[in-house]
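> Here the working numbering is used: the first residue of the sequence shown is 330, the next is one more, and so on.
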Amino acid sequence: MAPATGIAERTNAPRLGRWEQRLRRPFRGGWSVGVESGGWRHRLISRRPPGDEEQSSLARDAVISQATPAGASATSIALLVSPAPPFTPKIAVVGAGPAGLRAAEVAAATGAQVTVFEAKASVGRKFLVAGRGGLNLTRLEPAEVFATRYSGPGQSAEFWPQRLAELAPAGVQTWAAELGIETFAASTGRVYPRDLKAAPLLLRWVRRLRQLGVQFAVHHRWTGLTPGAPLRLHFSTPDDTRTADADAVILALGGGSWPETGSDGAWTGPLADLGVAIATLVPANCGWEYPWPPEVLAAAEGQPLKSIAASAGGQEVRGELLLTRYGLEGGALYQLGPALRAAAEPVLTIDLKPEHSLEQLVAKMGPVVKNLRAEARARWRLGDAAHALLGLCEPFADATALAAAAKALPLRLTGPRPIAEAISSAGGVRWEEIDEQLMLRRVPGVFVAGEMLDWEAPTGGYLIHGCLATGAHAALSALGWLRKHRDSAV
Ligand SMILES: Cc1cc2nc3c(=O)[nH]c(=O)nc-3n(C[C@H](O)[C@H](O)[C@H](O)COP(=O)(O)OP(=O)(O)OC[C@H]3O[C@@H](n4cnc5c(N)ncnc54)[C@H](O)[C@@H]3O)c2cc1C
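#1: Using 7 Å as the cut-off, classify the Cβ of Thr678 as near or not near the heavy atoms of ligand 1, replying yes or no.
#2: How about Arg431 and Leu603: do their beta carbons lie closer than 8 Å?
#3: Relative to the alpha-carbon of Val697, which residue among Ala749, Pro747, Leu731 and Phe513 has its alpha-carbon at the smallest distance?
#4: Would you list the residues sitting across from Met768 in a DSSP beta bridge?
#5: In whole angstroms, what separates the C-alpha of Ser480 from that of Ala707?
#6: What do you reckon, are the CB atoms on Leu469 and Gly518 nearer than 8 Å?
#7: Starting from the C-beta of Ala577, find all residues in its chain whose C-beta is less than 6 Å away, skip the five residues before and the five after it, and write them out in chain order.
#8: Could you work out which residue in Pro418, Ala601 and Ala714 is closest to Thr552 when comparing CA atoms only?
#9: Which partner residues does Val422 have in the DSSP bridge list?
#10: Leaving out five residues on either side along the sequence, give the residues of the same chain with a beta carbon under 6 Å from the beta carbon of Pro633.
#11: What runs of the alpha helix (DSSP H), each 4 residues or longer, lie entirely inside the segment 427-481?
#12: According to the neighbour-count rule (16 or more other Cβ atoms, all chains shown, within 10 Å of its Cβ), is Gln502 buried or exposed?
#13: Mark Gly833 as exposed unless 16 or more other C-beta atoms lie within 10 angstroms of its C-beta, in which case mark it buried.
#14: Going residue by residue through the segment 613-665, where are the continuous alpha helix (DSSP H) segments of at least 4 residues, counting only ones entirely within it?
#15: Counting beta carbon pairs with one atom in the segment 662-675 and one in the segment 739-751, are three or more of them shorter than 8 Å?
#16: Would you mind sorting Lys699 into buried or exposed? The rule is 16 or more other CB atoms within 10 Å of its CB.
#17: So what does Tyr791 bridge to, in DSSP terms?
#18: Could you compute how far the alpha carbon of Gly666 sits from the alpha carbon of Arg815?
#19: Is the closest heavy atom of ligand 1 to the C-beta of Pro559 under 7 Å?
#20: Would the beta-carbon of Cys722 be found less than 7 Å away from any heavy atom of ligand 1?
#21: Take Val543 and list the residues in its own chain whose beta-carbon comes closer than 7 Å to its own, dropping the five residues that flank it on each side.
#22: Once DSSP output is grouped into helix, strand and coil, what is the label at Ala403?
#23: Output the boundary residues of the alpha helix (DSSP H) element that contains His563.
#24: Looking only at its own chain, which residues have a Cβ that is under 7 Å from the Cβ of Phe456, when we skip the five neighbours before and after it?
#25: Among residues of its own chain, excluding the 5 on either side of Pro418, which ones have a beta-carbon nearer than 6 Å to its beta-carbon?
#26: Taking 8 Å as the threshold (C-beta atoms), are Val452 and Val520 in contact?
#27: Can you tell me which of the three DSSP states Ser754 falls into?
#28: Starting from the C-beta of Glu658, find all residues in its chain whose C-beta is less than 6 Å away, skip the five residues before and the five after it, and write them out in chain order.
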């Protein structure tokens, strides 16, 4: 049976609870109308006037019976000729982190046969690790601000605004609520599950995926792909090697941090074999090293620098830092990661008292001319770490010199901590390798989502949000691509 082709009118049909597409073209003096609902497809011909429900009931009932009872909108159209085969493409999702699981969820909800392949023995291991810090799922922040949190070379200016239009922070809360997980927003706007745990959410998520028919193949390490139709995936398993065929593939293999969770970045080899250019994975949201003198460590190891401002490469942020044995950690530093990495000799400049001007600090010192740092500790209310840090700049000629050091204390950092310790990684599949649908230009039918793409964002919920949004986008893109190919093939 030749399917209807022609003007495609794509409509969201919430009543059907599914995605619906209608295609119309002139046909024997009337219209040929194809209706797709979920995985089912019917071809209807010979348009009837609106209200002529009787003759169209066969068609309507057929459509309704495959969709939901709430009433399909094809009633004014026609007579059923014959059902088309169901549209149930095989989609392989590789990598079971938030990006891959969301891609599987969206693809399976439209009727695709989805298998999730995962190298580890269980799914979502890094997601569970993120739960140790409370699982910051997203952040309630205006979309125009939210979108600026994502960076990385070669991204189109529209990419993140579009993803945020598809999945707003409130949408993440709704998604969690549908899984039975209540969320709350802290005063910072950061959104967490009410119980601050990842495991209950993951458990319910996997249960929902199974209900949608998603199959899981754990202990399957992806090792390569043979392009073609179908696409052939290669895996190593504990006992053997095996292959699996799919009509479309979504790769969601994560970045390179915390390799023990499975995100080891080893996928760069098989993708490079396919000719895909990859920016080297480097640590992001990570600590930086600084060779503290023993007296600073003795006085302040493990102590926070609270309410400071930090700057690098012309960018200034407010926040906290933590003085560690090897250097510094903390949100303020994570935000400056891209600027620090871009510098040949990264220098972090700390303003220990951003709420006070240099003149105000000098005034608070009064007539003091001796033991300046010790005096400043009480007069400026310095914590242990700030007090110890000022020792790096001693001696001070006068209070003005001390205040100048407090307002702009330069630390020449010696490098980032290893990627294995970082919260996330930057680098990954370069943007010029993918189209706006997240499909690899060199390997049609293969889509990429999540942290393995060359974007980065600071901590604060932006990472998981970005993974959910790109996972959903990759799934919808894969389905759109498959439909287009099926329609043009017949
Ligand atoms: C300590 C810590 C705390 C964090 N806290 C937060 C937070 O609160 N909020 C937030 O937004 N983000 C947080 N993150 C970051 C967030 O967890 C990640 O950005 C996110 O999990 C990335 O999702 P992903 O789906 O792209 O990849 P991943 O979650 O890394 O999943 C990739 C999956 O692919 C699998 N895989 C890899 N290679 C192969 C292969 N060859 N074959 C088959 N499978 C493979 C891996 O085993 C893994 O299961 C945190 C990260 C860490 C380390």
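The C-beta atom is built at its ideal place from N, Cα and C for all residues, glycine as well.
Computed from a predicted model, the values in this text were never measured in an experiment.
This is what the structure holds:
#1: Taking the sequence shown and counting its residues from 1, the one referred to as residue 678 is at position 349. Answer for Thr678: no, Cβ out of range of ligand 1.
#2: The residue you call residue 431 lines up with position 102 of the sequence shown. The residue you call residue 603 lines up with position 274 of the sequence shown. Result no, Cβ atoms of Arg431 and Leu603 do not sit closer than 8 Å.
#3: Locating residue 697 in the sequence shown gives position 368, where the first residue counts as 1. When each option's Cα is compared against that of Val697, the closest is Leu731.
#4: Position 439 of the sequence shown, counted from the start, is the residue given in the question as residue 768. Partner(s): Phe776.
#5: Numbered from its first residue, the sequence shown carries residue 480 at position 151. Numbered from its first residue, the sequence shown carries residue 707 at position 378. Straight-line Cα distance between these residues: approximately 41 Å.
#6: Here residue 469 refers to the residue found at position 140 when the sequence shown is read from its first residue. Here residue 518 refers to the residue found at position 189 when the sequence shown is read from its first residue. The answer is yes: Cβ separation under 8 Å.
#7: Here residue 577 refers to the residue found at position 248 when the sequence shown is read from its first residue. Here the set comprises Ile420, Gly774, Ala807 and Leu811.
#8: On the sequence shown, position 223 is the one that residue 552 refers to. Comparing Cα-Cα distances from Thr552 to each of Pro418, Ala601 and Ala714, the minimum goes to Ala601.
#9: Here residue 422 refers to the residue found at position 93 when the sequence shown is read from its first residue. The partner list for Val422 (beta bridge, DSSP) reads Val445 and Ile579.
#10: As a first step, residue 633 is located in the sequence shown; it is residue number 304 there, counting from the start. Excluding sequence neighbours, Pro633 sits near Glu649 and Leu651.
#11: 427-438, 454-460 and 472-477
#12: Translated into the one-based positions of the sequence shown, residue 502 becomes position 173. Its Cβ being crowded by 16 or more others within 10 Å, Gln502 is buried.
#13: The question about residue 833 has no answer here: the residues shown for the chain are numbered 330 through 819.
#14: 623-629 and 660-664
#15: yes
#16: Within the sequence shown, numbered from 1, the residue matching residue 699 stands at position 370. So Lys699 counts as exposed.
#17: Position 462 of the sequence shown, counted from the first residue, corresponds to residue 791. Bridge partners of Tyr791: none, in fact.
#18: Reading the sequence shown from its first residue, position 337 is the one you call residue 666. Reading the sequence shown from its first residue, position 486 is the one you call residue 815. So the alpha carbons of these two residues sit roughly 45 Å apart.
#19: Taking the first residue of the sequence shown as 1, we reach residue 559 at position 230. Outside the cutoff, so no.
#20: Position 393 of the sequence shown, counted from the start, is the residue given in the question as residue 722. Result no, Cβ not under 7 Å from ligand 1.
#21: Along the sequence shown, one-based indexing puts residue 543 at 214. The residues are Ala433, Ala437, Val443 and Val445.
#22: As a position in the sequence shown, residue 403 is number 74, starting the count at 1. Low per-residue confidence applies at Ala403: pLDDT is 38, beneath 50, and the placement is therefore not dependable, though the value from the model is reported in the following sentence. Ala403 falls in the coil class under three-state DSSP.
#23: If you number the sequence shown from 1, residue 563 lands on position 234. Careful: His563 lies outside any alpha helix (DSSP H), inside the beta strand (DSSP E) at Leu560 to Ser565.
#24: Working through the sequence shown from its first residue, we reach residue 456 at position 127. For Phe456, where only same-chain residues beyond five positions count, the Cβ hits under 7 Å are Gly426, Pro427, Ala527 and Leu531.
#25: Here residue 418 is taken as the residue at index 89 of the sequence shown, counted from 1. Answer for Pro418: Ala441, Asp576 and Leu811, listed in chain order.
#26: Counting from one through the sequence shown, the residue named residue 520 turns up at place 191. Counting from one through the sequence shown, the residue named residue 452 turns up at place 123. No.
#27: In the sequence shown, the residue the question calls residue 754 occupies position 425. It is a strand residue.
#28: Position 329 of the sequence shown, counted from the first residue, corresponds to residue 658. Result list for Glu658: Gly616 and Leu651, in chain order.
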